[in-house]
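In my numbering, the protein residues as written are 1 to 294.
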Amino acid sequence: MKNTIFTGSAVAIVTPMNEDGSINYDIFGQITDEQIEKGTDAIVVCGTTGESAAMTDEEHKECIRCCVERVAKRVPVIAGTGSNDTAYAIQLSKEAQELGADALLLVTPYYNKTSQRGLAAHFTAIANSIDLPVILYNVPSRTGVNISVETYKELSKVPNIVAVKEASGSISAVARIAAETDLDIYSGNDDQIVPIMSLGGKGVISVLANCIPDKVHEMTSYCLDGDYKSAAKLQLDLLEFTNNLFMDVNPIPVKEAMNIMGKNVGPCRLPLVRMEEAQIAKLFSSMQKLGLAQ
1 MKNTIFTGSA
11 VAIVTPMNED
21 GSINYDIFGQ
31 ITDEQIEKGT
41 DAIVVCGTTG
51 ESAAMTDEEH
61 KECIRCCVER
71 VAKRVPVIAG
81 TGSNDTAYAI
91 QLSKEAQELG
101 ADALLLVTPY
111 YNKTSQRGLA
121 AHFTAIANSI
131 DLPVILYNVP
141 SRTGVNISVE
151 TYKELSKVPN
161 IVAVKEASGS
171 ISAVARIAAE
181 TDLDIYSGND
191 DQIVPIMSLG
201 GKGVISVLAN
211 CIPDKVHEMT
221 SYCLDGDYKS
231 AAKLQLDLLE
241 FTNNLFMDVN
251 PIPVKEAMNI
261 MGKNVGPCRL
271 PLVRMEEAQI
281 AKLFSSMQKL
291 GLAQ
(Lines of atoms letter the chains of each structure in order from A; the text may use other names.)
(Lines give C-alpha, C1' and ligand atoms only; values in the text may rest on other atoms or scores of the structure.)
Protein backbone atom coordinates (compact mmCIF):
# COMPACT_ATOMS: atom_id res chain seq x y z
CA MET A 1 0.00 0.00 0.00
CA LYS A 2 1.34 3.41 -1.01
CA ASN A 3 1.43 6.25 1.52
CA THR A 4 -1.23 8.95 1.09
CA ILE A 5 0.09 12.50 0.72
CA PHE A 6 -3.08 14.19 2.00
CA THR A 7 -6.81 13.70 2.30
CA GLY A 8 -9.35 16.48 1.82
CA SER A 9 -8.82 19.82 0.10
CA ALA A 10 -5.55 21.04 -1.42
CA VAL A 11 -5.56 24.51 -2.88
CA ALA A 12 -3.92 25.08 -6.26
CA ILE A 13 -2.73 28.42 -4.97
CA VAL A 14 -2.54 31.52 -7.15
CA THR A 15 0.67 33.50 -7.45
CA PRO A 16 -0.04 37.12 -6.47
CA MET A 17 1.43 39.74 -8.80
CA ASN A 18 2.19 43.41 -8.48
CA GLU A 19 0.86 45.73 -11.18
CA ASP A 20 4.25 45.66 -12.91
CA GLY A 21 4.02 41.86 -13.20
CA SER A 22 6.52 41.02 -10.48
CA ILE A 23 5.56 38.47 -7.83
CA ASN A 24 4.12 39.85 -4.60
CA TYR A 25 5.66 37.56 -2.00
CA ASP A 26 4.10 39.43 0.93
CA ILE A 27 0.57 38.74 -0.30
CA PHE A 28 1.62 35.20 -1.19
CA GLY A 29 2.58 34.59 2.43
CA GLN A 30 -0.67 36.11 3.68
CA ILE A 31 -2.95 33.99 1.48
CA THR A 32 -0.92 30.89 2.36
CA ASP A 33 -1.52 31.50 6.07
CA GLU A 34 -5.20 32.15 5.46
CA GLN A 35 -5.57 28.88 3.57
CA ILE A 36 -4.20 26.88 6.47
CA GLU A 37 -6.22 28.83 9.04
CA LYS A 38 -9.41 28.04 7.11
CA GLY A 39 -8.84 24.29 6.90
CA THR A 40 -6.97 23.65 3.68
CA ASP A 41 -5.21 20.29 3.95
CA ALA A 42 -2.31 20.86 1.51
CA ILE A 43 -0.85 23.62 -0.67
CA VAL A 44 -0.02 23.07 -4.34
CA VAL A 45 2.45 25.73 -5.44
CA CYS A 46 3.55 26.52 -9.01
CA GLY A 47 0.70 24.69 -10.68
CA THR A 48 -1.46 25.86 -13.57
CA THR A 49 -3.37 28.20 -11.27
CA GLY A 50 -0.07 29.57 -10.02
CA GLU A 51 0.93 30.61 -13.57
CA SER A 52 4.06 28.49 -13.49
CA ALA A 53 4.20 28.48 -17.29
CA ALA A 54 4.98 32.21 -17.19
CA MET A 55 7.65 32.06 -14.47
CA THR A 56 11.41 32.22 -14.78
CA ASP A 57 13.43 29.40 -13.25
CA GLU A 58 14.44 31.63 -10.35
CA GLU A 59 10.84 32.70 -9.68
CA HIS A 60 9.69 29.08 -9.76
CA LYS A 61 12.27 28.10 -7.17
CA GLU A 62 11.65 31.20 -5.04
CA CYS A 63 7.89 30.51 -4.93
CA ILE A 64 8.53 26.95 -3.76
CA ARG A 65 11.04 28.14 -1.17
CA CYS A 66 8.70 30.88 0.06
CA CYS A 67 5.78 28.46 0.34
CA VAL A 68 7.79 25.79 2.17
CA GLU A 69 9.13 28.30 4.68
CA ARG A 70 5.76 29.96 5.27
CA VAL A 71 3.88 26.66 5.68
CA ALA A 72 6.56 25.36 8.07
CA LYS A 73 5.28 21.76 7.95
CA ARG A 74 1.75 22.68 9.05
CA VAL A 75 0.38 20.93 5.93
CA PRO A 76 2.09 19.20 2.97
CA VAL A 77 3.54 21.43 0.24
CA ILE A 78 3.20 19.92 -3.22
CA ALA A 79 5.38 21.57 -5.87
CA GLY A 80 4.46 21.63 -9.54
CA THR A 81 7.62 20.59 -11.39
CA GLY A 82 6.25 19.09 -14.60
CA SER A 83 7.54 19.97 -18.05
CA ASN A 84 7.40 18.75 -21.63
CA ASP A 85 11.20 18.43 -21.38
CA THR A 86 12.03 15.40 -19.22
CA ALA A 87 15.53 16.58 -18.36
CA TYR A 88 14.24 19.98 -17.22
CA ALA A 89 11.49 18.34 -15.14
CA ILE A 90 14.14 16.20 -13.45
CA GLN A 91 16.25 19.28 -12.69
CA LEU A 92 13.29 21.20 -11.28
CA SER A 93 12.10 18.19 -9.27
CA LYS A 94 15.52 17.77 -7.66
CA GLU A 95 15.57 21.47 -6.77
CA ALA A 96 12.06 21.24 -5.25
CA GLN A 97 13.20 18.33 -3.11
CA GLU A 98 16.22 20.32 -1.92
CA LEU A 99 13.94 23.26 -1.11
CA GLY A 100 11.86 21.08 1.20
CA ALA A 101 8.73 20.25 -0.82
CA ASP A 102 6.80 17.27 0.54
CA ALA A 103 5.59 15.95 -2.83
CA LEU A 104 5.55 16.78 -6.53
CA LEU A 105 2.80 17.36 -9.09
CA LEU A 106 3.84 16.33 -12.61
CA VAL A 107 1.71 17.40 -15.55
CA THR A 108 1.69 15.42 -18.78
CA PRO A 109 4.05 16.72 -21.51
CA TYR A 110 2.34 19.43 -23.56
CA TYR A 111 2.80 20.69 -27.14
CA ASN A 112 5.33 18.07 -28.24
CA LYS A 113 3.10 15.52 -26.41
CA THR A 114 4.13 11.85 -26.63
CA SER A 115 2.81 8.30 -26.91
CA GLN A 116 1.58 6.25 -23.94
CA ARG A 117 4.96 4.49 -23.93
CA GLY A 118 6.58 7.91 -23.87
CA LEU A 119 4.43 8.99 -20.93
CA ALA A 120 5.49 5.94 -18.96
CA ALA A 121 9.17 6.57 -19.72
CA HIS A 122 8.89 10.31 -18.94
CA PHE A 123 7.19 9.94 -15.57
CA THR A 124 9.33 6.98 -14.54
CA ALA A 125 12.54 8.88 -15.28
CA ILE A 126 11.42 11.85 -13.15
CA ALA A 127 10.17 9.70 -10.27
CA ASN A 128 13.39 7.70 -10.21
CA SER A 129 15.44 10.90 -9.95
CA ILE A 130 14.01 11.96 -6.58
CA ASP A 131 12.81 10.48 -3.29
CA LEU A 132 9.56 12.44 -3.00
CA PRO A 133 6.08 11.03 -3.64
CA VAL A 134 4.64 11.98 -7.02
CA ILE A 135 1.14 12.95 -8.14
CA LEU A 136 0.54 12.56 -11.89
CA TYR A 137 -1.56 15.36 -13.40
CA ASN A 138 -3.84 14.43 -16.28
CA VAL A 139 -5.41 17.49 -17.93
CA PRO A 140 -5.84 16.76 -21.65
CA SER A 141 -7.75 20.01 -22.28
CA ARG A 142 -4.50 21.85 -21.52
CA THR A 143 -1.86 19.45 -22.78
CA GLY A 144 -3.47 17.58 -25.68
CA VAL A 145 -2.54 14.17 -24.26
CA ASN A 146 -4.48 11.80 -22.00
CA ILE A 147 -3.06 9.19 -19.63
CA SER A 148 -4.76 5.87 -20.37
CA VAL A 149 -5.81 3.53 -17.59
CA GLU A 150 -3.30 0.99 -18.92
CA THR A 151 -0.52 3.57 -18.53
CA TYR A 152 -1.69 4.38 -15.01
CA LYS A 153 -1.46 0.67 -14.22
CA GLU A 154 2.10 0.56 -15.54
CA LEU A 155 3.14 3.71 -13.64
CA SER A 156 1.60 2.46 -10.41
CA LYS A 157 4.46 -0.06 -10.29
CA VAL A 158 6.88 2.83 -9.64
CA PRO A 159 7.14 2.99 -5.83
CA ASN A 160 6.98 6.75 -5.38
CA ILE A 161 4.25 7.42 -7.98
CA VAL A 162 1.42 7.36 -5.48
CA ALA A 163 -1.48 9.41 -6.83
CA VAL A 164 -3.22 11.07 -9.76
CA LYS A 165 -4.90 14.42 -10.21
CA GLU A 166 -7.64 13.58 -12.68
CA ALA A 167 -8.93 16.50 -14.75
CA SER A 168 -9.91 14.54 -17.85
CA GLY A 169 -13.58 14.93 -16.94
CA SER A 170 -14.19 11.21 -17.40
CA ILE A 171 -15.89 9.64 -14.40
CA SER A 172 -15.68 6.29 -16.20
CA ALA A 173 -11.88 6.59 -16.31
CA VAL A 174 -11.79 7.51 -12.63
CA ALA A 175 -13.82 4.42 -11.80
CA ARG A 176 -11.37 2.22 -13.70
CA ILE A 177 -8.35 3.84 -12.03
CA ALA A 178 -9.95 3.17 -8.65
CA ALA A 179 -10.79 -0.41 -9.57
CA GLU A 180 -7.58 -1.39 -11.35
CA THR A 181 -4.75 0.49 -9.57
CA ASP A 182 -3.63 1.29 -6.03
CA LEU A 183 -3.12 4.98 -6.86
CA ASP A 184 -4.81 7.65 -4.75
CA ILE A 185 -7.16 9.80 -6.82
CA TYR A 186 -7.72 13.53 -6.44
CA SER A 187 -10.32 15.45 -8.41
CA GLY A 188 -8.78 18.03 -10.69
CA ASN A 189 -12.18 19.58 -11.41
CA ASP A 190 -14.06 21.50 -8.75
CA ASP A 191 -17.44 20.48 -10.20
CA GLN A 192 -16.60 16.77 -9.79
CA ILE A 193 -15.39 16.62 -6.19
CA VAL A 194 -18.32 14.61 -4.85
CA PRO A 195 -18.62 12.14 -7.77
CA ILE A 196 -14.89 11.36 -7.70
CA MET A 197 -14.74 11.03 -3.92
CA SER A 198 -17.79 8.75 -4.00
CA LEU A 199 -15.66 6.38 -6.11
CA GLY A 200 -12.91 6.37 -3.51
CA GLY A 201 -11.10 9.59 -4.31
CA LYS A 202 -9.09 11.06 -1.43
CA GLY A 203 -9.89 14.71 -2.12
CA VAL A 204 -9.43 17.57 -4.56
CA ILE A 205 -6.71 19.87 -5.84
CA SER A 206 -8.89 22.93 -6.04
CA VAL A 207 -9.08 26.32 -7.75
CA LEU A 208 -12.30 27.14 -5.88
CA ALA A 209 -10.48 26.81 -2.54
CA ASN A 210 -8.55 30.00 -3.30
CA CYS A 211 -11.81 31.87 -2.59
CA ILE A 212 -13.66 29.64 -0.11
CA PRO A 213 -11.16 27.22 1.46
CA ASP A 214 -13.43 26.48 4.39
CA LYS A 215 -16.32 25.35 2.16
CA VAL A 216 -14.16 23.12 -0.03
CA HIS A 217 -12.61 21.55 3.07
CA GLU A 218 -16.12 21.05 4.46
CA MET A 219 -17.29 19.35 1.27
CA THR A 220 -14.38 16.92 1.26
CA SER A 221 -14.85 16.25 4.96
CA TYR A 222 -18.48 15.28 4.35
CA CYS A 223 -17.30 12.85 1.67
CA LEU A 224 -14.59 11.35 3.88
CA ASP A 225 -17.23 10.86 6.58
CA GLY A 226 -19.57 9.15 4.10
CA ASP A 227 -22.14 11.95 4.24
CA TYR A 228 -22.60 12.30 0.50
CA LYS A 229 -26.02 13.92 0.84
CA SER A 230 -24.56 16.93 2.64
CA ALA A 231 -21.55 16.99 0.31
CA ALA A 232 -23.77 16.94 -2.77
CA LYS A 233 -25.91 19.79 -1.46
CA LEU A 234 -22.81 21.92 -0.88
CA GLN A 235 -21.42 21.01 -4.33
CA LEU A 236 -24.68 22.13 -5.95
CA ASP A 237 -25.02 25.27 -3.83
CA LEU A 238 -21.58 26.35 -5.06
CA LEU A 239 -22.02 25.20 -8.65
CA GLU A 240 -22.83 28.54 -10.28
CA PHE A 241 -19.81 30.23 -8.73
CA THR A 242 -17.64 27.20 -9.49
CA ASN A 243 -18.65 27.26 -13.15
CA ASN A 244 -18.06 31.00 -13.37
CA LEU A 245 -14.48 30.51 -12.16
CA PHE A 246 -13.90 28.70 -15.46
CA MET A 247 -15.77 30.99 -17.86
CA ASP A 248 -12.36 32.23 -19.01
CA VAL A 249 -8.92 30.65 -18.92
CA ASN A 250 -7.82 29.69 -15.40
CA PRO A 251 -6.55 31.56 -13.37
CA ILE A 252 -8.07 34.72 -14.88
CA PRO A 253 -11.48 34.41 -13.17
CA VAL A 254 -10.20 33.20 -9.79
CA LYS A 255 -7.78 36.10 -9.55
CA GLU A 256 -10.62 38.48 -10.46
CA ALA A 257 -12.77 36.92 -7.74
CA MET A 258 -10.01 37.19 -5.15
CA ASN A 259 -9.44 40.83 -6.03
CA ILE A 260 -13.19 41.47 -5.65
CA MET A 261 -12.89 39.89 -2.19
CA GLY A 262 -10.09 42.34 -1.33
CA LYS A 263 -7.23 39.84 -1.38
CA ASN A 264 -5.11 41.99 -3.74
CA VAL A 265 -3.59 39.17 -5.77
CA GLY A 266 -3.16 41.46 -8.77
CA PRO A 267 -3.32 40.68 -12.48
CA CYS A 268 -2.28 37.64 -14.47
CA ARG A 269 0.82 37.74 -16.63
CA LEU A 270 0.55 38.03 -20.38
CA PRO A 271 -0.62 36.32 -22.49
CA LEU A 272 -3.49 36.09 -19.97
CA VAL A 273 -5.59 39.25 -19.87
CA ARG A 274 -8.48 40.46 -17.74
CA MET A 275 -11.99 39.21 -18.44
CA GLU A 276 -14.50 41.30 -20.35
CA GLU A 277 -16.81 43.50 -18.27
CA ALA A 278 -19.85 41.31 -18.97
CA GLN A 279 -18.00 38.29 -17.59
CA ILE A 280 -16.89 40.20 -14.52
CA ALA A 281 -20.51 41.23 -13.87
CA LYS A 282 -21.63 37.60 -14.14
CA LEU A 283 -18.89 36.49 -11.75
CA PHE A 284 -19.75 39.31 -9.32
CA SER A 285 -23.43 38.31 -9.32
CA SER A 286 -22.65 34.71 -8.39
CA MET A 287 -20.35 35.93 -5.62
CA GLN A 288 -23.05 38.20 -4.21
CA LYS A 289 -25.37 35.21 -3.84
CA LEU A 290 -22.77 33.54 -1.62
CA GLY A 291 -21.99 36.67 0.38
CA LEU A 292 -18.52 36.97 -1.16
CA ALA A 293 -19.12 40.38 -2.75
CA GLN A 294 -21.15 43.46 -1.89
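Quick reminder that beta carbons are idealized off the backbone N, C-alpha and C, glycines included.
Taking all protein chains shown into account, Gln294 has fewer than 16 neighbouring C-beta atoms within 10 Å of its C-beta and is therefore exposed.
For Glu166, the enclosing beta strand (DSSP E) starts and ends at 161 to 166.
Val11 places its beta carbon 8 Å or farther from that of Met258. Of all C-beta pairs linking the segment 191 to 206 to the segment 21 to 34, fewer than three are shorter than 8 Å, placing the two stretches out of contact.
For Val149, the uninterrupted alpha helix (DSSP H) run begins and ends at 149 to 155, by DSSP.
If only complete runs of 4 or more residues are kept, the segment 168 to 250 shows the alpha helix (DSSP H) at 171 to 180, 193 to 198, 213 to 224, 228 to 237, 239 to 244, in order along the chain. The segment 96 to 108 makes contact with the segment 79 to 86; the number of CB pairs closer than 8 Å reaches 3 or more.
A check of alpha carbon separations from Glu240 across Ser286, Val134, Ser168, Thr151 identifies Ser286 as the nearest.
Beta-carbon to beta-carbon, Glu154 and Ala120 are separated by about 5 Å, close enough to satisfy the 8 Å threshold. Runs of the beta strand (DSSP E) spanning 3 or more residues and lying entirely within the segment 26 to 85 occur at 42 to 45, 77 to 80, in chain order. Across the set Met197, Asn189, Ser221, the C-alpha of Asn189 shows the shortest separation from the C-alpha of Ser206. Sequence-distant partners of Asn160 (beyond 5 residues in either direction) whose C-beta falls short of 8 Å from its own C-beta, in its chain, are Ala127, Ile130, Asp131, Leu132, Pro133, Val134. In this structure, Gly47 lies away from His217, with their beta-carbon atoms at least 8 Å apart.
Around the beta carbon of Lys157, a 10 Å sphere encloses fewer than 16 other beta carbons of the protein chains shown; the residue is thus reported as exposed. Contact annotation: Ala54 and Arg269 have beta-carbon atoms nearer than 8 Å. Between the C-alpha atoms of Tyr137 and Ile147 there is a straight-line separation of about 9 Å.
In the structure shown, the three-state DSSP call for Leu104 is strand. Shown here for Val71: same chain residues with a beta carbon closer than 8 Å to its own, the five before and five after excluded, namely Thr32, Ile36, Ile43, Val77 in chain order.
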